[in-house]
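**Q**
There are 2 protein chains.
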Amino acid sequence: MSSMSTHDLEHHPVSRMKSEDRRELILQAATDVFGQFGYYGATTDQVAKAAGVSQPYVVRMFGTKERLFLEVMDRALLFILTTFRAVLSEGRDDLGHRFGVAYVDMLKQRGLLLSLMHSFIQGGDPVIGPRAREGFLEVYAFLRDEAGFTPDEANRFLEGGMLLNTLVGLRMSEEFETSERANELLCAALPQKLDVLLELGKQQARA
Amino acid sequence: MSSMSTHDLEHHPVSRMKSEDRRELILQAATDVFGQFGYYGATTDQVAKAAGVSQPYVVRMFGTKERLFLEVMDRALLFILTTFRAVLSEGRDDLGHRFGVAYVDMLKQRGLLLSLMHSFIQGGDPVIGPRAREGFLEVYAFLRDEAGFTPDEANRFLEGGMLLNTLVGLRMSEEFETSERANELLCAALPQKLDVLLELGKQQARA
DNA sequence: GTCTATATGCGGATAGAC
DNA sequence: GTCTATCCGCATATAGAC
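Protein chains in written order, with my numbering: chain U, -10 to 196; chain D, -10 to 196.
(1) At a threshold of 7 Å, does residue 90/U count as lining the ligand HEM (C-beta to nearest heavy atom)?
(2) Would residue 61/U pass as a contact of residue 14/U if the rule is Cβ separation under 8 Å?
(3) Just by C-beta distance, which residues in the segment 163 to 175 of chain U are closer than 8 Å to chain D?
(4) Does the Cβ-Cβ distance between residue 88/U and residue 76/U come in under 8 Å?
(5) Do residue 72/D and residue 91/D have their beta-carbon atoms positioned less than 8 Å apart in this structure?
(6) On the three-pair Cβ rule with 8 Å, is the segment 102 to 111 of chain D touching the segment 41 to 49 of chain D?
(7) Alpha carbon to alpha carbon, what distance is there between residue 134/D and residue 145/D?
(8) Taking 8 Å as the cut-off, decide whether the C-beta atoms of residue 159/U and residue 109/D are in contact.
(9) Residue 67/U: buried (16+ other C-beta within 10 angstroms of its C-beta) or exposed?
(10) Out of 122/D, 25/D, 166/D, 165/D, state which residue places its alpha-carbon closest to the alpha-carbon of residue 165/U.
(11) By the 8 Å beta-carbon criterion, what residues does the segment 111 to 132 of chain D contribute toward chain U?
(12) Under a CB-based cut-off of 8 Å, is residue 178/U close to chain D?
(13) Below 8 Å on the Cβ atoms is my guess for residue 96/D versus residue 157/D; work out the distance and round it to an integer in Å.
(14) Would you mind working out which of 85/D, 181/D, 120/D, 50/D sits nearest residue 7/D, comparing C-alpha positions?
(15) With 8 Å as the threshold, decide whether the Cβ of residue 160/U is near any Cβ in chain D.
(16) Return the Cβ separation of residue 28/U and residue 117/U in integer angstroms, given the expectation that the two are a contact with Cβ distance under 8 Å.
(17) So which residues on chain D does residue 141/U lean against when the C-beta distance must stay under 7 Å?
(18) Considering only their Cβ atoms, is the gap separating residue 183/U from residue 161/U smaller than 8 Å?
(19) If you measure between the beta carbons of residue 147/U and residue 178/U, is that distance less than 8 Å?
(20) Can you list, in chain order, the residues of the segment 82 to 98 of chain U whose Cβ is nearer than 9 Å to any Cβ on chain D?
(21) For residue 80/U, count neighbouring C-beta atoms within 10 Å of its own C-beta (all shown protein chains included) and say buried if the count is 16 or more, exposed if not.
(22) Looking at chain D, is there any beta carbon in it that lies within less than 8 Å of the beta carbon of residue 59/U?
(23) Quick one: Cα of residue 192/U to Cα of residue 131/D, how far?
(24) What does a CB cutoff of less than 7 Å around residue 198/U pick up in its chain, not counting 5 residues either side in sequence?
(25) So, at 6 Å on beta carbons, what are the nonlocal neighbours of residue 154/D in its own chain, with the 5 sequence-adjacent residues on each side left out?
(26) Residue 82/D: buried (16+ other C-beta within 10 angstroms of its C-beta) or exposed?
(27) Given a limit of 8 Å on CB to CB distance, which residues of the segment 15 to 42 of chain U reach chain D?
(28) Looking at the structure shown, is residue 166/U part of a helix, part of a strand, or coil, going by DSSP?
(29) At which residues does the alpha helix (DSSP H) containing residue 73/U begin and terminate?
(30) Between residue 78/D and residue 149/D, what straight-line distance do the alpha-carbon atoms span, to the nearest angstrom?
(31) Spell out whether any CB of chain D is found under 8 Å from the CB atom of residue 73/U.
(32) Report the rounded CA-to-CA distance for residue 12/U versus residue 124/D, giving the unit in angstroms.
(33) Apart from the five residues on each side of it in sequence, which residues of its chain come closer than 6 Å, Cβ to Cβ, to residue 34/D?
(34) Return no unless some Cβ of chain D is closer than 8 Å to the Cβ of residue 190/U.
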């Protein structure tokens, strides 16, 4: 409080920060790390390093690794729905295509789509599974109720999304220049916006 | 060899077996376990328990957990391609649909498609990644070269496959009766053969 | 608010008996 | 061919200082 002793300013390597800001920082780092390695593959230490804090601090702030992952999921879902709603508010023409472009653009949020993808194939987990199903169904409900898609249209959209997620998870863009087939596949899979994927690919190849 | 001492017959809880048979048994168990938990989430002990052998034996036989996973991947890929080739040999009409039916039928091989799905989003791994990409491209090459699909047709097929994998990983069939939306989604996503998925869902809910 | 130190448990892998 | 016993490292979580 008022008694700030004479010397211990800047004691810590990383300066203090408001809890909320640090929280957001860690969630971003966690999104990236979980996206790369999945829930089991990622360690809280990797997250901590990526966020520039100590491992115990990460655990302290979120309680458990599991709760951290759940927060990452929630945040990712919120981001997706918010983005889609913004697209929707700009008109209802050619929605399928505009959603697609917006979806690919979300790849710029490192690990966001992949974290969710990891959660999706973790449906057997007693705590991650139910939330993953709920989240997936939220997106489906959005497409049907708010965007006005028919079941078939919604389905088509999700199919494309899941293949995109898979190709990103595969790092298929790494083969873009070396494999004729990979090249063709990527061109066919991404109506346009291939540039975004390739750019991201190079970035994470460096990291 | 010839000196079988008087008493120690049936010393072990599980009888001896030819190496090859035991191998196949363990690979099946591993496919199941990896399918449920993914590479990192699964433990060699779970595999061992599922196969009815000891944990060190699993490691002994395959060298490392990683090598075991790679063998599971190879075996799964081989199964898929073999199945598709069999379908192909029965005629070339309505291939997209017949492949789709065959693909859904593969769900009966517990964990086979999900193990691969897990490998697909593990593309960043230095040893699993390359093989996963290779495997995926093998399937793509099959669709283009042997089945004669156009890039767009192949793409459409893969999109459907990835959504199916995702819904299976999500255990979405668990919501079939409780959620209106899930019901609709599953009906739209599976042209037919919904029954297979629901049947499998019940089975693994018990296990 | 953030760290260091550390307890604890679990999982992969090894050694060696039978 | 298969097991038991066990080592060792790593990752999560806790305690407590600053």
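Glycine included, every Cβ here is placed at the ideal spot set by N, Cα and C.
**A** Working from what's here:
(1) The model depicted lacks the ligand HEM and carries no ligand whatsoever.
(2) Start at 1 with the first residue of the first sequence, and residue 61/U comes out as number 72. Start at 1 with the first residue of the first sequence, and residue 14/U comes out as number 25. Not a contact, by the Cβ cut-off of 8 Å.
(3) Against chain D - using a Cβ distance shorter than 8 Å - the residues of the segment 163 to 175 of chain U are 163, 164, 168, 170, 171, 173, 174.
(4) Your numbering for residue 88/U matches position 99 in the first sequence. Your numbering for residue 76/U matches position 87 in the first sequence. Their beta carbons are under 8 Å apart, which means residue 88/U touches residue 76/U by this criterion.
(5) Taking the first residue of the second sequence as position 1, residue 91/D is located at position 102. Taking the first residue of the second sequence as position 1, residue 72/D is located at position 83. Cβ atoms of residue 91/D and residue 72/D: closer than 8 Å.
(6) no
(7) For the purposes of this step, residue 145/D is identified with residue 156 of the second sequence, where counting begins at 1. For the purposes of this step, residue 134/D is identified with residue 145 of the second sequence, where counting begins at 1. Approximately 16 Å, taken between the alpha carbons.
(8) As a first step, residue 159/U is located in the first sequence; it is residue number 170 there, counting from the start. As a first step, residue 109/D is located in the second sequence; it is residue number 120 there, counting from the start. Yes, these two residues count as a Cβ contact at 8 Å.
(9) Mapped onto the first sequence, residue 67/U falls at position 78. Exposed, by the Cβ-count rule.
(10) Translated into positions along the first sequence, residue 165/U becomes position 176. For residue 165/U, the nearest C-alpha among the options comes from 122/D.
(11) Under the 8 Å Cβ criterion, the segment 111 to 132 of chain D contributes 111, 112, 113, 118, 121, 122, 125, 126, 129, 130.
(12) By one-based count along the first sequence, residue 178/U stands at place 189. Yes, because at least one Cβ of chain D sits closer than 8 Å to the Cβ of residue 178/U.
(13) Numbered from 1 along the second sequence, position 107 holds the residue referred to as residue 96/D. Numbered from 1 along the second sequence, position 168 holds the residue referred to as residue 157/D. Confirmed, about 6 Å.
(14) Taking the first residue of the second sequence as 1, we reach residue 7/D at position 18. It is 50/D whose Cα lies nearest to the Cα of residue 7/D.
(15) Position 171 of the first sequence holds residue 160/U. Among the CB atoms of chain D, one or more fall inside 8 Å of the CB of residue 160/U.
(16) For this step, residue 28/U is matched to residue 39 along the first sequence. For this step, residue 117/U is matched to residue 128 along the first sequence. That pair is a contact at about 7 Å.
(17) Counted from its first residue, the first sequence places residue 141/U at position 152. 177, listed in chain order.
(18) Residue numbering aside, residue 161/U sits at position 172 when the first sequence is read from its first letter. Residue numbering aside, residue 183/U sits at position 194 when the first sequence is read from its first letter. Contact: no.
(19) For the purposes of this step, residue 147/U is identified with residue 158 of the first sequence, where counting begins at 1. For the purposes of this step, residue 178/U is identified with residue 189 of the first sequence, where counting begins at 1. No, the Cβ-Cβ distance between residue 147/U and residue 178/U is not below 8 Å.
(20) none
(21) Translated into the one-based positions of the first sequence, residue 80/U becomes position 91. Exposed, since its Cβ has fewer than 16 Cβ neighbours within 10 Å.
(22) Here residue 59/U corresponds to residue number 70 of the first sequence, with the count starting at 1. With 8 Å as the cut-off, residue 59/U does not count as an interface residue toward chain D.
(23) Taking the first residue of the first sequence as 1, we reach residue 192/U at position 203. Taking the first residue of the second sequence as 1, we reach residue 131/D at position 142. If you take the alpha carbons of residue 192/U and residue 131/D, they lie about 31 Å apart.
(24) The shown model of chain U, from -10 to 196, leaves out residue 198/U, and the question about it has no answer.
(25) Indexing the second sequence from 1 puts residue 154/D at position 165. 102, 106.
(26) On the second sequence, position 93 is the one that residue 82/D refers to. By the neighbour-count rule (16 or more Cβ atoms within 10 Å), residue 82/D is not buried but exposed.
(27) 25, 26, 27, 28, 29, 30
(28) Along the first sequence, read from residue 1 onward, the residue named residue 166/U stands at position 177. Residue 166/U falls in the coil class under three-state DSSP.
(29) Taking the first residue of the first sequence as 1, we reach residue 73/U at position 84. Where residue 73/U is concerned, the enclosing alpha helix (DSSP H) stretches over 54 to 77.
(30) Here residue 78/D refers to the residue found at position 89 of the second sequence. Here residue 149/D refers to the residue found at position 160 of the second sequence. Rounded to whole angstroms, the separation of the alpha carbons of residue 149/D and residue 78/D is 22 Å.
(31) Stepping through the first sequence from its first residue, residue 73/U is reached at position 84. No, its Cβ sits nowhere closer than 8 Å to a Cβ of chain D.
(32) The residue labelled residue 12/U in the question sits at position 23 within the first sequence. The residue labelled residue 124/D in the question sits at position 135 within the second sequence. The straight-line gap from Cα to Cα measures roughly 39 Å.
(33) The residue you call residue 34/D lines up with position 45 of the second sequence. 44.
(34) Here the question's residue 190/U lines up with position 201 in the first sequence. Chain D contact via Cβ: absent.
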